[in-house]
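Presented below is the structure to which this report refers.
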Amino acid sequence: MVYAGSVARKGEDGQANEEDKERRISFLKRFTVFNREQIEGLPEDLFPTPAPVIQNRDHRDPRLDSVFSALGVKIVEKDGGAFYSPATDTITMPRFESFTSGNAYYATLAHECAHAVGSIGRLNRETLQKYGTSIAMRAKEEAVAEISAAFVCAALGMEPTEREDHAAYLASWISVLRGDKRAIFQAATAAQAASDFILAAAETATGQQAA
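Residue numbers (our numbering): 693 to 903.
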């Protein structure tokens with residue numbers, strides 16, 4: 693961080709003349725600063741837990757929770773965005789009540805589960821393994837996850853999500869792949885495999901519980 697300021701020039705008597713604006717000396721001073729979250733050992737009262745913003749009053753759906761938990765992927769909820777971490781095989785989701793509806797929550801969770809089934813221990817999907825190598829590879833993986841989420845939501849009888857940016861989100865990645873005529877077909881094939889995996893895992897878990 694850089695602080696810009698000025699000081700009054702001292703006269704012959706050694707006193708600063710604060711009223712002489714034309715003779716002030718400007719300066720820049722640099723400071724190294726850190727976020728509180730980056731500093732260890734600070735008192736806990738410096739990290740107040742904000743009250744969650746409630747966007748919906750929907751109740752959680754135990755059936756849908758069981759479908760997605762059947763994958764065996766750790767799912768945690770905390771403030772922030774939604775993402776899947778292959779290193780820890782963990783899906784991080786914003787808090788349920790922060791979504792505009794329960795349906796929007798489960799649609800987003802379906803998207804992240806589609807990423808998760810691309811892990812080495814599951815479908816070992818190339819687009820997930822090479823996610824960070826290029827924009828094109830990332831676009832392919834995001835297209836797979838978004839299409840797969842649509843398949844899963846339809847199979848589970850969920851209402852069409854009211855998340856208005858789904859189409860725009862998918863279109864943004866497809867635009868990156870415009871030069872690859874096979875990309876959308878490959879994404880749809882991979883998405884079908886991902887959705888089949890998610891639903892099969894849920895069916896297996898249900899059968900084991902019944903037994």
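C-beta: ideal position from N, C-alpha, C; glycine also.
Computed from a prediction, not measured in an experiment: that's the story for all the values here.
Other residues of its chain near residue i: CB distance less than 6 Å, five sequence neighbours each side excluded
i, result
"Ala-806", "Ala-837, Ser-840, Ala-841 and Ala-886"
"Glu-769", "Met-785 and Arg-787"
"Ala-894", "Val-759 and Ala-762"
"Pro-778", "Ser-811"
"Glu-856", "Confidence is the limiting factor: at Glu-856 the pLDDT is only 49, short of 50, which leaves the residue's position unreliable and the question unanswerable from this model."
CB-CB length for residue i against residue j, believed under 8 Å
i, j, result
"Ala-762", "Ala-897", "4 Å"
"Ala-847", "Ala-879", "At roughly 18 Å, the Cβ-Cβ gap does not stay under 8 Å, so Ala-847 and Ala-879 are not in contact."
"Asn-816", "Met-850", "Their Cβ separation, rounded to whole angstroms, is 28 Å, which puts Asn-816 and Met-850 out of contact at 8 Å."
Three-state class that DSSP yields for residue i in the structure shown
i, result
"Ala-700", "strand"
"Met-785", "strand"
"Lys-873", "coil"
"Ser-867", "helix"
"Lys-832", "helix"
"Ile-731", "coil"
"Glu-898", "Here the sequence assigns Thr to residue 898, which means Glu is not the residue at that position. DSSP places Thr-898 in helix when its eight states are reduced to three."
"Thr-819", "helix"
Cβ neighbours of residue i in the same chain (closer than 7 Å, five flanking residues each side left out)
i, result
"Val-868", "Ile-827, Ala-828 and Ala-831"
"Ala-932", "The chain is shown from 693 up to 903; residue 932 falls before or after that span and cannot be answered."
"Trp-865", "Ala-831, Glu-834 and Ala-835"
Beta-bridge partners of residue i, as assigned by DSSP
i, result
"Val-768", "Thr-784"
"Phe-775", "Thr-784"
"Arg-752", "The partner list for Arg-752 (beta bridge, DSSP) is empty, contrary to what the question assumes."
C-beta contact flag for residue i and residue j at 8 Å
i, j, result
"Ser-811", "Asp-781", "yes"
"Val-765", "Ala-802", "no"
Residues near residue i in its chain [Cβ-Cβ closer than 8 Å; skip 5 each side]
i, result
"Leu-738", "Arg-728"
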